[in-house]
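Residue numbers (this note's numbering), protein chains in the order written: chain A, 195 to 358; chain B, 518 to 804.
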């Protein structure tokens, strides 16, 4: 059931991302819907499911929206899923403001990690302007908060034990 | 044997996933084009979702443009009716000229249909932001598409195929930061290398400082890169600035507006034919 839910989340994100790209080709500068399930699984689910979600979402991005190093987005997002899953163990991010912050963190982390990895691999790097990154982070945060609140109604999360 | 703690299990899981992605990255770097097994698999599995997005977006776009067109249709109707009358008369004249034309061509021993063998492909997904500028189209190996084939559209060169699956191909656009194509100024025949910058403009590099290139010059493919045939439009010269190495860097405004591109033509063969394309103002030419 949880696998089906994860696949559905990925499919929805891919449909939205591809659809947006068709309607508004420049939208990927500001909106990366494939980051939303990574952030949501990071704040809602366990660390391992967040990593798997990050890996799958990243590979989807590598396949449909990226040329060049195949796997770079999968690498970035697996790390992001792991980091957010670790953070989610210590701090309860699974609420409105927490989800917003998780979305912002994931968006900024994705671009920063991309920059570092490309530098390390001698690939051409281009960091987006600060305002673009801010808009992307804000939009991702809002999308994560919105998707989280929809999920709360459709499929409430199981209470988890917190270390702190 | 003591059971591993959850934290350690997760760390091992992370390490395995990261190692797998590193392997994929190194494999794709070694391949330098062509889709690997994982990419083909992901493409095949996720294709239904992309298809839904494509159909949905297409329907929405058609709905919006249909409503907009309907509003404008009344005003344009009268103008178009007059045009139809004029064109009908022209068509009759052209039909009469066709047999004569064919006869004369045969007399001159000219080949009819110099157009390259090409295949039309619809854009499935696109990424036109950041340093990566790429589109995925709905034609693949099954249609004869291969890595390194050029893609063009009305107006000029679009990009080059960098990965192919059985039903899809990934095309790196000229504006991608990793793109490069040999170009030539159509007026002065000055040659250079056109490189993408991951932006909306292109750069024409390695042009001698005193070469005859002026604002507005049209740059087309020179055919020397072994990918694009000669004569496909690349862009028009914008800003020109001198470089420290005795050359000048020339900014080009691409002839193709990638943001409104919906279909491309992938040239299957031949590669060694020259095509002088028309400028984007539609004054005739190939394609």
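C-beta: ideal position from N, C-alpha, C; glycine also.
(message) On the DSSP letters alone, give me the boundaries of the alpha helix (DSSP H) that residue 303 of chain A sits inside.
(response) 290-314 is the extent of the alpha helix (DSSP H) around residue 303 of chain A.
(message) Just to make sure I have the definition right: I need the residues of chain B whose C-beta is within less than 8 Å of the C-beta of residue 212 of chain A. Which are they?
(response) Within chain B, the residues whose beta carbon sits less than 8 Å from that of residue 212 of chain A are 566, 567, 570, 571, 574, 641 and 642, listed in sequence order.
(request) State the DSSP-derived secondary structure class of residue 806 of chain B, mapped to helix, strand or coil. (result) Nothing in the structure corresponds to residue 806 of chain B, since chain B is present only between 518 and 804.
(request) With a threshold of 16 other CB atoms inside 10 Å of the CB of residue 543 of chain B, please say whether the residue is buried or exposed. (result) Residue 543 of chain B counts as exposed, since fewer than 16 other C-beta atoms from the protein chains shown sit within 10 angstroms of its C-beta.
(message) Does chain A have any CB closer than 8 Å to the CB of residue 547 of chain B?
(response) Taking CB atoms only, residue 547 of chain B has no neighbour in chain A less than 8 Å away.
(request) For the beta strand (DSSP E) containing residue 196 of chain A, list its first residue and its last residue. (result) Element bounds for residue 196 of chain A: not the beta strand (DSSP E) but the alpha helix (DSSP H), 196-217.
(message) Alpha carbons only, please: which of A/282, A/265, A/309 and A/294 is nearest the one belonging to residue 538 of chain B?
(response) For the residues A/282, A/265, A/309 and A/294, the minimum Cα distance to residue 538 of chain B belongs to A/265.
(message) Quick check: residue 255 of chain A and residue 330 of chain A, are their CB atoms within less than 8 Å of each other?
(response) Result no, Cβ atoms of residue 255 of chain A and residue 330 of chain A do not sit closer than 8 Å.
(request) Check distances from the C-beta atoms of the stretch 640-665 of chain B to those of chain A and list, in chain order, the residues that come in under 7 Å. (result) Listed in sequence order: 642, 643, 644, 645, 646, 647, 648, 649, 651 and 653.
(message) For residue 328 of chain A, report the span of its alpha helix (DSSP H) as first-last.
(response) If you look at residue 328 of chain A, you'll find it in the alpha helix (DSSP H) that goes 324-348.
(message) Quick check on residue 532 of chain B: does DSSP put it in helix, strand or coil?
(response) When DSSP states are grouped into helix, strand and coil, residue 532 of chain B belongs to the helix group.
(message) Residues of chain A with CB closer than 8 Å to the CB of residue 715 of chain B, please, in chain order.
(response) For residue 715 of chain B, the chain A residues whose C-beta falls within less than 8 Å of its own C-beta are 318 and 320, listed in chain order.
(request) Could you name the residues of the same chain whose beta carbon sits closer than 6 Å to that of residue 696 of chain B, not counting the 5 residues immediately before and after it, in chain order? (result) The answer, listed in chain order, is 689 and 713.
(request) Output, in sequence order along the chain, the residues in the stretch 693-714 of chain B whose CB is closer than 7 Å to any CB in chain A. (result) Close to chain A, meaning a Cβ-Cβ distance shorter than 7 Å, are the following residues of the stretch 693-714 of chain B: 693, 694 and 695.
(request) Tell me whether residue 258 of chain A is buried or exposed, calling it buried when 16 or more other Cβ atoms sit within 10 Å of its Cβ. (result) Classification of residue 258 of chain A: buried, given that the 10 Å Cβ count is 16 or more.
(message) With the cut-off set at 8 Å, would you say residue 746 of chain B and residue 691 of chain B are in Cβ contact?
(response) At least 8 Å separates the beta-carbon of residue 746 of chain B from that of residue 691 of chain B.
(request) Output, in chain order, the set of chain A residues within a Cβ distance shorter than 8 Å of residue 775 of chain B. (result) The contact set of residue 775 of chain B on chain A, defined by CB atoms closer than 8 Å, consists of 219 in chain order.
(request) Can you check DSSP and say which residues form a bridge with residue 585 of chain B? (result) DSSP lists no partner for residue 585 of chain B.
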